[in-house]
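Worksheet for the structure shown next.
Protein chains in written order, with the working numbering: chain A, 1350 to 1585; chain B, 18 to 124.
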């Protein structure tokens, strides 16, 4: 087996368990989109255009609350701003690739694909050229396929799933699992803790602005703790 | 709003989302990230996931709800312990869902 295919399949394999959290999320979106009156074609097209679970669920939720087109768009854009920071985080690893690769990987850069791919970039590559972008592609395409499929499933069968199964609870469980994988040091713990507390403190803010602000506050807390840690090392 | 307005909004959100994702990979690919921005970026994932999880668990219709008899936070706590001990996403979700059904039956 070629090393490209090997990396690609390893990416697919490592991304696969996360789909247990992604599929209910996608189905939930598909169910909700139809419930708030989106045409079927548009519900599916949105999963391709926006391809961002949290933002799509917020869009559906706000459409259901009869919010205006401008506040909905603004909220979704604010929520997706975090992808710019993912972009910055992976940039050093994909900067050398041809443009078509960077466009493709940028399109596939979601929460769950980022979380798995960045862990691969944290491990050194084997001998020979760096083929870790194939791993990234495996992560991204696995997630993309599952997202489209689960949207379609939600549209097709969603209404028949009993709400008492609480399949949507798999969503926060996924975030919790990812958190423990990502948070290994004090600065990351501070970022997570401050963001979680801030989101509760800011819950009353309109348009889910509290979520975006809480994430920013978490980032600042993480950066502050990291800097203090560095300072300590220098003095010691 | 009309379907046309909705399509236009979704297309714009999609385009901007792609631009955010492509920004540092493509648009400013030649630039080195300032140190402070790099430091912030390292924590975007933990901060986002913590905020999203806390928001799902404790915020209902814009209000913070802490209830000792709410099964979801307890199930999340069990899941967090499993995640911390095992580092396994699949096990975390499986145990978390099982714990939810258990607490729903008990509480």
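Cβ coordinates follow ideal geometry from the N, Cα and C atoms, glycine included.
Helix, strand or coil, according to DSSP, for residue i in the structure here?
{"i": "residue 1441(A)", "result": "helix"}
{"i": "residue 1584(A)", "result": "Residue confidence is low: residue 1584(A) scores 39 on pLDDT, short of 50, so the model does not pin down where it sits. Its coordinate-derived value is still stated next. Three-state DSSP puts residue 1584(A) in a helix."}
{"i": "residue 47(B)", "result": "coil"}
{"i": "residue 1446(A)", "result": "coil"}
{"i": "residue 1555(A)", "result": "helix"}
{"i": "residue 1586(A)", "result": "Chain A is shown from 1350 up to 1585; residue 1586(A) falls before or after that span and cannot be answered."}
{"i": "residue 18(B)", "result": "coil"}
{"i": "residue 59(B)", "result": "coil"}
{"i": "residue 1400(A)", "result": "coil"}
{"i": "residue 23(B)", "result": "helix"}
{"i": "residue 1351(A)", "result": "coil"}
{"i": "residue 86(B)", "result": "coil"}
{"i": "residue 1366(A)", "result": "helix"}
{"i": "residue 1534(A)", "result": "coil"}
{"i": "residue 104(B)", "result": "coil"}
{"i": "residue 124(B)", "result": "coil"}
{"i": "residue 1386(A)", "result": "coil"}
{"i": "residue 1391(A)", "result": "helix"}
{"i": "residue 1511(A)", "result": "coil"}
{"i": "residue 1430(A)", "result": "coil"}
{"i": "residue 1361(A)", "result": "helix"}
List the DSSP bridge partners of residue i.
{"i": "residue 80(B)", "result": "77(B)"}
* Could you name the residues of the stretch 1511-1523 of chain A whose beta carbon sits closer than 8 Å to any beta carbon of chain B, in the order they occur along the chain? => Close to chain B, meaning a Cβ-Cβ distance shorter than 8 Å, are the following residues of the stretch 1511-1523 of chain A: 1515, 1518, 1519, 1520, 1521, 1522 and 1523.
* Would the stretch 1405-1424 of chain A and the stretch 1377-1384 of chain A be scored as touching if the rule is three or more Cβ pairs under 8 Å? -> With a cut-off of 8 Å, the stretch 1377-1384 of chain A and the stretch 1405-1424 of chain A count as touching, because enough Cβ pairs lie within range.
* Asked: Touching or not, the stretch 38-49 of chain B and the stretch 1485-1503 of chain A, by the rule of three or more beta carbon pairs under 8 Å?
  -> In short, these stretches do not touch, since the Cβ pair count stays below three.
* Counting Cβ pairs closer than 8 Å, one from the stretch 20-37 of chain B and one from the stretch 1428-1442 of chain A, do we hit at least three? -> Three or more Cβ pairs drawn from the stretch 20-37 of chain B and the stretch 1428-1442 of chain A lie within less than 8 Å of each other, which places the two stretches in contact.
* chain B contacts from the stretch 1437-1454 of chain A (Cβ-Cβ distance under 9 Å) -> So the list reads 1437, 1438, 1439, 1440, 1441, 1443, 1444, 1446, 1448, 1451, 1452 and 1454, given in the order they occur along the chain.
* Asked: At which residue ranges does the stretch 1456-1509 of chain A contain complete alpha helix (DSSP H) runs of 4 or more residues, listed in the order of the chain?
  -> Segments of the alpha helix (DSSP H) lying fully in the stretch 1456-1509 of chain A: 1460-1471 and 1481-1506.
* Name, going along the chain, the residues of the stretch 1477-1505 of chain A whose beta-carbon falls closer than 9 Å to a beta-carbon of chain B. => Under the 9 Å Cβ criterion, the stretch 1477-1505 of chain A contributes no residue.
* Quick one: which residues of the stretch 81-104 of chain B get their C-beta closer than 8 Å to a C-beta of chain A? List them in chain order. => From the stretch 81-104 of chain B, only 81, 89, 92, 93, 96, 97, 100, 101 and 104 have a Cβ closer than 8 Å to chain A.
* To do: Could you run through the stretch 65-77 of chain B and flag, in chain order, every residue whose CB is less than 7 Å away from some CB of chain A?
  => So the list reads 65, 66, 67, 68, 69, 70, 71, 72, 73, 74, 75 and 76, given in the order they occur along the chain.
* the stretch 1472-1489 of chain A touching the stretch 1444-1458 of chain A, judged by at least three CB pairs closer than 8 Å -> Put simply, the stretch 1472-1489 of chain A touches the stretch 1444-1458 of chain A. At least three CB pairs are less than 8 Å apart.
* To do: Tell me, please, whether the stretch 1556-1572 of chain A touches the stretch 1532-1546 of chain A by the rule of three or more beta-carbon pairs shorter than 8 Å.
  => Touching, yes, given that three or more Cβ pairs across the two stretches are closer than 8 Å.
* Could you tell me whether the stretch 1355-1370 of chain A touches the stretch 104-114 of chain B, where touching means 3 or more Cβ pairs closer than 8 Å? => Segment contact: the stretch 1355-1370 of chain A against the stretch 104-114 of chain B, three or more CB-CB distances shorter than 8 Å; contact assigned.
* Asked: Quick check: the stretch 1515-1527 of chain A against the stretch 1384-1395 of chain A, are there 3 or more CB pairs under 8 Å?
  -> Taking 8 Å as the limit for Cβ pairs, the verdict is that the stretch 1384-1395 of chain A does not touch the stretch 1515-1527 of chain A.
* Sufficient close CB pairs (3 or more, under 8 Å) joining the stretch 89-108 of chain B to the stretch 1526-1534 of chain A -> The way I'd put it, the stretch 89-108 of chain B does touch the stretch 1526-1534 of chain A; three or more beta-carbon pairs between them come closer than 8 Å.
* To do: Could you say if the stretch 1441-1452 of chain A and the stretch 1416-1424 of chain A meet the contact criterion of at least three C-beta pairs nearer than 8 Å?
  => Output reads no: the stretch 1416-1424 of chain A does not touch the stretch 1441-1452 of chain A.
* To do: Compile a chain-ordered list of the residues in the stretch 24-36 of chain B whose CB is closer than 7 Å to at least one CB of chain A.
  => Closer than 7 Å at the C-beta level to chain A, one finds these residues of the stretch 24-36 of chain B: 24, 26, 27, 28, 29, 30, 31, 33, 34 and 35.
* To do: For the stretch 63-72 of chain B and the stretch 1465-1483 of chain A, state whether three or more C-beta atom pairs, one from each stretch, are separated by less than 8 Å.
  => With a cut-off of 8 Å, the stretch 1465-1483 of chain A and the stretch 63-72 of chain B do not count as touching, because too few Cβ pairs lie within range.
* To do: Pull out every residue of the stretch 1367-1397 of chain A whose Cβ sits closer than 9 Å to any Cβ of chain B, in chain order.
  => Residues of the stretch 1367-1397 of chain A whose Cβ lies closer than 9 Å to any Cβ of chain B, in chain order: 1367, 1369, 1370, 1387, 1388, 1391, 1394, 1395 and 1397.
* Listed from N- to C-terminal order along the chain, which residues in the stretch 38-50 of chain B have their beta-carbon within a distance smaller than 7 Å of any beta-carbon of chain A? -> Look at the stretch 38-50 of chain B: the residues with a C-beta under 7 Å from a C-beta of chain A are 38, 39, 40, 41, 42, 43, 46 and 50.
* Asked: According to a CB-to-CB cut-off of less than 8 Å, which residues of the stretch 1457-1468 of chain A neighbour chain B?
  -> Sequence-ordered contacts of the stretch 1457-1468 of chain A with chain B read 1458, 1460, 1463, 1464 and 1467 [C-beta pairs closer than 8 Å].
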